[in-house]
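Right, one structure below, let's go through it.
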Amino acid sequence: MSAHATPIPMIARRSPALTGVAQIPGDKSISHRALILGALSVGETRITGLLEGQDVLDTAAAMRAFGATVTRHGEGEWTVNGVGVGGFAEPAQVIDCGNSGTGVRLIMGAMATTPITATFTGDASLNKRPMGRITDPLALFGARAVGRRGGKLPMTLVGAAEPVPVRYTLPMPSAQVKSAVLLAGLNAPGETVVIEPEATRDHTERMLRGFGAEVSVEESPEGRVITLKGQPELTGQSVAVPRDPSSAAFPVCAALLVPGSEILVPGVSRNPTRDGLYVTLLEMGADITFENPREEGGEPVADLRVRHSPGLKGVTTPEERAASMIDEFPVLSVVASMAQGVTVMRGVKELRVKESDRIDAMARGLEACGVKIEEDEDTLIVHGTGRVPGGATCETRLDHRIAMSFLVLGLVSEEPVAVDDGGPIATSFPAFEPLMAALGARIERR
Ligand code: S3P
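The sequence shown begins at 14 in the working numbering and counts up by one.
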């Protein structure tokens, strides 16, 4: 669903201590994959804890358009009756993936080796993002894509009638590209191999195995070598979606910064391909304890107890950690601005092609709030002084994480921080406002 909705201006003000329990919604990455793998399976997939953000709802609608039966039974409770590997029907309408790069890239991968044609579009943000990174490897399977100049949506993909398997080394650390290639490999004969020089989130590999595919992962001098045996029969599964560590990041960082806070955030994924923010916060001196570690929905999880942490220190995040916290740099830059000393975020150029250019969006907004910033193509540097003047309205650029990051900043800056549009928050974290309000945060619509 393309968002041309009226902007929702919002403002955050200095807040009293945040307290209570923050029940974070389901993981966005795993929610997309549960719907897509359910659609590619034979039989019924039962999903609990599905994130009902707009991005995921758009993927659910797309799976219906490709022939799967997708039904909502209650909050987070969904079933998918799939069409099997290679069974996608040709959609009669354009597929609108809204704001979601993950949705469009994984779905294009999933249809690329089936002889059907589909046209994809999205909102103003998604239609600016690069698709060549997936159409290049999908062409190796025999699929053909025609899009706008620069490989942008709207774009038509003609699936390969006689797909061949592929061996592909990722040119950038991207779980979306890796996943598009693996999903395309499902309907190719033989073995499809993806080599990732830097590890990225591994939900696709874990879930493909769970649905019955043969996937092996080996560490080699070139990186992780992932091998998928093509044309498996996937069978419907029960998927319990764990809570999203990328959404948890906002209340967690808010509680670290707001004096007197103590919150509990149950069941947050500790998957090592997703926990770079938490590693970094501990290095900065954050008071976070990981209680009751266990496994849920095939992912390692723990309950996070987070206390206000005065005296956070600036740190350097190394390039090799970037992929494991790629969605968390905006909120880390907020924490960094309230810490003492310089925080250097290295190897972050992928942030330039997210829902917005997140380096530019954070740099301009933080500067407007009185924070000293340096940046180059691949690095963001925040000079923290332990206090932020605030008092600005920051542009969110159709980017949910930019909106939530600046609203967290406004809880501790001297003057309030406003955002021009909080509407995009609904793509990933529709319950953000009531959840933050219940903890005591002063975030309002204007
Ligand atoms: C995602 C991968 C990441 C991340 C996005 C979700 C996924 O994108 O930023 O929010 O679910 O595979 P890239 O693969 O482009 O790094």
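All C-beta atoms in this analysis are idealised placements derived from N, C-alpha and C, irrespective of residue type, glycine included. These numbers were taken from a predicted model, which means no experiment stands behind them.
Collapsed DSSP secondary structure at residue i in the structure displayed
i	result
Ala454	coil
Ala431	strand
Val83	strand
His396	strand
Thr213	coil
Ala16	Confidence in Ala16 is poor, its pLDDT being 49 and thus under 50, which makes the residue's placement too unreliable to answer from.
Gly33	strand
Met6	What is shown of the chain runs 14 to 459, which leaves residue 6 out entirely.
Ser6	Given that the chain is displayed from residue 14 to residue 459, the structure contains no residue 6 and the question cannot be resolved.
Leu70	helix
Glu296	helix
Thr126	coil
Asn305	strand
Ile21	coil
Gly251	Here residue 251 turns out to be Ser, not Gly, going by the sequence shown. Ser251 falls in the strand class under three-state DSSP.
Thr58	strand
Thr182	strand
Val315	First, the residue type needs correcting, since residue 315 is Ala and not Val in the sequence shown. Residue state, collapsed to three classes: strand.
Val190	helix
Ser44	helix
Lys141	helix
Gly203	coil
Beta-carbon proximity check, residue i vs residue j, cutoff 8 Å
i	j	result
Phe224	Leu50	yes
Ile108	Arg256	no
Pro234	Ala336	no
Ile24	Gly399	no
Pro322	Gly298	Contrary to the premise, residue 322 reads as Ser rather than Pro in this sequence. Yes, Cβ-Cβ distance for Ser322 and Gly298 is below 8 Å.
Gly87	Ala102	no
Gly243	Thr182	no
Pro306	Val34	no
Val254	Asp40	yes
Leu241	Leu119	no
Nearest-angstrom Cβ-Cβ length linking residue i and residue j, presumed shorter than 8 Å
i	j	result
Gly99	Ser54	So it is not a contact: roughly 12 Å between Cβ atoms.
Arg46	His216	6 Å
Val401	Gly378	Val401 to Gly378, Cβ: 11 Å. No contact.
Ser350	Val281	With a Cβ gap of about 24 Å, Ser350 and Val281 do not count as contacting.
Arg283	Pro313	5 Å
Leu393	Phe342	7 Å
Thr84	Thr58	Contact doesn't hold; Cβ gap of about 11 Å is too wide.
Gln106	Ala75	About 10 Å separates the two Cβ atoms, so there is no contact after all.
Leu170	Ala125	6 Å
Thr461	Asp373	With the chain represented from 14 up to 459, any question about residue 461 goes unanswered, as that position is not in the structure.
Met168	Ala156	Wrong, their Cβ atoms sit about 11 Å apart, outside the cutoff.
Gly327	Val355	5 Å
Pro210	Gly236	4 Å
Among the options, the one whose alpha carbon lies nearest that of residue i
i	options	result
Arg541	Phe154, Thr148, Ala173 and Gly155	Examination of residue 541 is not possible in this model, given that the chain is present from 14 through 459 alone.
Asp391	Arg77, Asp412 and Glu363	Glu363
Cys266	Leu31, Glu309, Thr115 and Pro20	Leu31
Gly111	Val69, Pro128, Arg146 and Glu304	Val69
Thr464	Leu139, Ile21, Ala131 and Pro128	As shown, the chain starts at 14 and ends at 459. That puts residue 464 outside it, with no answer to give.
Leu166	Thr132, Leu247, Phe154 and Val319	Thr132
Ala431	Leu411, Leu151, Ala416 and Phe445	Ala416
Thr213	Gly97, Arg287, Pro22 and Arg157	Arg287
Leu270	Gly327, Ala352 and Thr19	Ala352
Gly404	Leu411, His413 and Val425	Val425
Pro443	Ala376, Ala261, Ile208 and Glu246	Ala261
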